[in-house]
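A quick write-up on the structure given underneath.
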Amino acid sequence: MRGDKLVIHEGHIKAARQIAKIVLPKIARNQRKLVITVAGESGSGKSEVASVLSDSLAKEGIKSTIFQQDDYFFYPPKTNANMRRRNIGHVGTTEVNLTLLDRNLKDFREGKSRIEKPLVIYDDDLITKETAKLEGFKVAIVDGTYTSLLKNVNQRVFINRTRLDTREARERRAREAQDEFLEKVLKIEHKIISAHKKRADILVTKNYGVRKVK
49 MRGDKLVIHE GHIKAARQIA KIVLPKIARN QRKLVITVAG ESGSGKSEVA SVLSDSLAKE
109 GIKSTIFQQD DYFFYPPKTN ANMRRRNIGH VGTTEVNLTL LDRNLKDFRE GKSRIEKPLV
169 IYDDDLITKE TAKLEGFKVA IVDGTYTSLL KNVNQRVFIN RTRLDTREAR ERRAREAQDE
229 FLEKVLKIEH KIISAHKKRA DILVTKNYGV RKVK
């Protein structure tokens with residue numbers, strides 16, 4: 049998503065480096081392209097951890113590309129937020145075109161050199177398209193709330209931080225008003241996303257410790 053603002057701190061760096069240590073042997077053993085998802089609740093640090101993980105892999109000579117779930121919402125962010133306020137039942141996995149994201153990841157794993165994908169321009173509240181060049185990338189890192197549900201994945205990372213742990217990060221990001229309505233949205237998302245923790249291969253704790261689950 050163009051216009052996204054990352055606020056990277058030591059916790060994100062610590063977690064990403066530990067994740068890299070876990071996934072590097074699997075990457076080295078596998079001749080095919082790999083997909084790693086980074087999931088968790090809003091403000092948990094998904095995009096930041098994904099960015100540092102990409103940098104950490106690059107230092108080991110492994111090129112990676114990042115897919116953001118935010119690009120795959122059916123409606124642009126401000127429009128989607130207004131739709132939520134009109135009908136809170138709009139909140140959930142059906143807001144996102146996970147089928148298209150999965151198809152794009154399948155294309156990546158099968159070695160396609162380029163794909164056409166959606167691109168969100170946050171400031172303009174617009175969804176357009178871009179051609180993503182995939183040639184030369186060994187790994188795709190996918191960050192987003194519901195990415196644990198994707199099928200074309202090799203390793204699933206889950207950041208185990210709730211809305212109570214992420215308030216400060218959400219305030220710094222300043223995408224949405226931190227009001228009573230947002231609390232209702234986050235409670236709904238928590239119920240959905242927390243159930244995805246059991247899918248994780250790698251778990252990031254609330255203090256950004258990392259442990260392998262599977």
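Residues 49 to 262 in the numbering used here are what the sequence shown spells out, letter by letter. The C-beta atom is built at its ideal place from N, Cα and C for all residues, glycine as well.
With R162 as the anchor, note down where its beta strand (DSSP E) starts and where it stops.
R162 to I169
Going straight from the alpha carbon of L153 to that of D213, what length do you get?
31 Å
Note down, in chain order, each residue of its chain lying with its Cβ closer than 8 Å to the Cβ of E231, except the 5 sequence neighbours on either side.
R211
Would you say the stretch 190-197 touches the stretch 77-93, given that touching needs at least three Cβ pairs under 8 Å?
yes
Excluding sequence positions up to five away, which residues of its chain have a Cβ less than 8 Å from the Cβ of D173?
P124, P125, K126 and T127
Straight-line Cα distance separating S104 from N145:
29 Å
Can you give, in chain order, each stretch of the beta strand (DSSP E) that sits fully within the stretch 205-259 and has at least 3 residues?
250-252
Report, in whole angstroms, the separation of the C-beta atoms of F122 and E143, which I expect to be a contact under 8 Å.
6 Å
Can you list, in chain order, the residues of its chain with a C-beta nearer than 7 Å to that of R132? Leave out the 5 residues immediately preceding and following it.
H138, V139 and V233
Kindly list the residues whose CB is nearer than 6 Å to the CB of D119, restricted to its own chain and excluding five residues on each side of it in sequence; keep chain order.
M49, P166, L167 and V168
Could you tell me whether the Cβ atoms of V261 and A63 are closer together than 8 Å?
no
Measuring alpha carbon to alpha carbon, tell me which of I67, I110, K239 and I136 ends up nearest D249.
I67
Classify R209: buried if its beta carbon has 16 or more other beta carbons within 10 angstroms, exposed otherwise.
buried
In the DSSP assignment, what residue or residues form a beta bridge with A64?
Partner(s): none; A64 has no beta bridge.
Let me make sure I understand the geometry here. Which of I114, F206, Q226 and N255 has the alpha-carbon closest to that of A243?
F206
Report the three-state DSSP secondary structure of L146 (helix, strand or coil).
helix
Q79, DSSP secondary structure in three states
coil
Is the CB-CB distance between I75 and V187 below 8 Å?
yes
Measure from the alpha carbon of I56 to the alpha carbon of each residue in I110, V83 and S99, then state which is nearest.
S99
V201 to D150, Cα distance in whole Å?
9 Å
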